[in-house]
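Shown next, in structure tokens, is the structure this report addresses.
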Amino acid sequence: MAVRAPDKAINDALVWQNEGGGIPARHCEAIGLSQMKEYAEAAIRLEKIAEDMRVGKGMPVRFGKRLVATSPMLADMYGQAANAWLLGGEMVRAETTIDTALALAARGTSQEADLMLDRARIAAADEDFQAALADLEKIKARDPLRTDILILIASSARGVKDYEKAIEALDAYQEIYDEDPSGHLERGNLLDAMGLPNDARRSWLRVLQLVDDGPDAVAARTNIERLDVRKTDPKKPKT
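Numbering (the working numbering), first residue to last: 1067 to 1305.
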């Protein structure tokens, strides 16, 4: 319900809390707030939930003893908070919180890999592409079958101007996900960065053939318009 009807979920969660719903009810409310784009408020609540879970506040009682959260449970909650901070554009808080989550995750687990991926996304959003690429390559080294991260490797490699690595990753990604507009968008971005605007335009036009709206289509149209401005005004600097 928090995803489908977040406003109703929040109201129900508040009623649930008054009835003793504890941590689960508070978590439902936080997810609802995030779905309503109240990212900072959601992140604050998720962090507070993690702090309370650590000492057992609001946790269920089993056999006369109040439960406390395990490290993986805490890592998951801090990871959710970090992603809420990211969506809210609070990069420093996102970075601090994801580091807290990773410190709690067991080494070599799928949870650690997922949190490393979150940290890479946060780093890339903060334009620290070297840090993002380092985490992504660690994930790929552990699990060579993680083809879903190839596009992220490509965009991060482009960010550090390692175009050879970016092309290699993007070629591998598009062999599998040829109809994914994000892949064609990234290829256009890469070709434009390499100084090949005509080839970039073709990739961005391919995006628009695949999708009419959404973030990929908006980005592709914006990039094509930027190319047109640059073409008509050759003195205009490349952005």
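Quick reminder that beta carbons are idealized off the backbone N, C-alpha and C, glycines included.
query, result
"Distance between Pro-1263 and Leu-1293 (C-alpha atoms, nearest Å)", "7 Å"
"Lys-1231 in three-state terms, based on DSSP", "helix"
"As assigned by DSSP and simplified to three states, the class of Thr-1305", "Low confidence applies here, because Thr-1305 scores a pLDDT of 47, under 50, leaving its location unreliable; read the following figure in that light. Note: Thr-1305 maps to coil in three-state DSSP."
"Three-state secondary structure assigned by DSSP to Lys-1131", "strand"
"Stretch pair the region 1144-1155 + the region 1172-1188: three plus CB contacts closer than 8 Å", "yes"
"Whole-angstrom C-beta distance between Ile-1217 and Ile-1205, which should lie under 8 Å", "No, Ile-1205 and Ile-1217 are not in contact; Cβ-Cβ is about 13 Å, not under 8 Å."
"Buried or exposed by the 16-neighbour rule on C-beta atoms within 10 Å, applied to Ala-1172", "exposed"
"Terminal residues of the alpha helix (DSSP H) in which Asp-1246 lies", "Taken as a continuous stretch (DSSP letters only), Asp-1246 belongs to no alpha helix (DSSP H), as it is neither H nor E."
"For Ala-1171, the three-state DSSP class (helix, strand or coil)", "coil"
"Segments of 4+ residues assigned as alpha helix (DSSP H) that fall wholly inside the region 1247-1297", "1247-1259 and 1263-1276"
"Top-ranked residue by Cα proximity to Ala-1169, from Ala-1198, Glu-1156 and Thr-1136", "Thr-1136"
"Ile-1115 classed as buried or exposed, judged by whether at least 16 other C-beta atoms fall within 10 angstroms", "buried"
"For Gly-1124 and Lys-1131, the rounded distance between their alpha carbons", "12 Å"
"Whole-angstrom C-beta distance between Val-1134 and Gln-1101, which should lie under 8 Å", "Not confirmed; about 28 Å, so no contact."
"Check whether Leu-1274 and Arg-1253 have beta carbons under 8 Å apart", "no"
"Own chain partners of Ile-1233 with C-beta closer than 8 Å, once the 5 adjacent residues on each side are dropped", "Ala-1220 and Leu-1256"
"DSSP three-state assignment for Arg-1092, whether helix, strand or coil", "helix"
"Rounded Cβ spacing between Phe-1195 and Val-1158 (contact assumed at less than 8 Å)", "The pair is not a contact, with the Cβ atoms about 18 Å apart (cut-off 8 Å)."
"Own chain residues within Cβ distance below 8 Å of Asn-1248, not counting five before or after", "With the sequence shown as reference, residue 1248 is identified as Ser, and Asn is not the correct amino acid for it. Contacts found: Ile-1217 and Asp-1282."
"Whole-angstrom distance between His-1250 and Glu-1241, CA atom to CA atom", "12 Å"
"Pair within 8 Å by beta-carbon distance, Leu-1112 and Ala-1091", "no"
"Coarse secondary structure for Glu-1117, derived from DSSP in three states", "helix"
"Helix, strand or coil at Ala-1106 according to DSSP, with G and I counted as helix", "helix"
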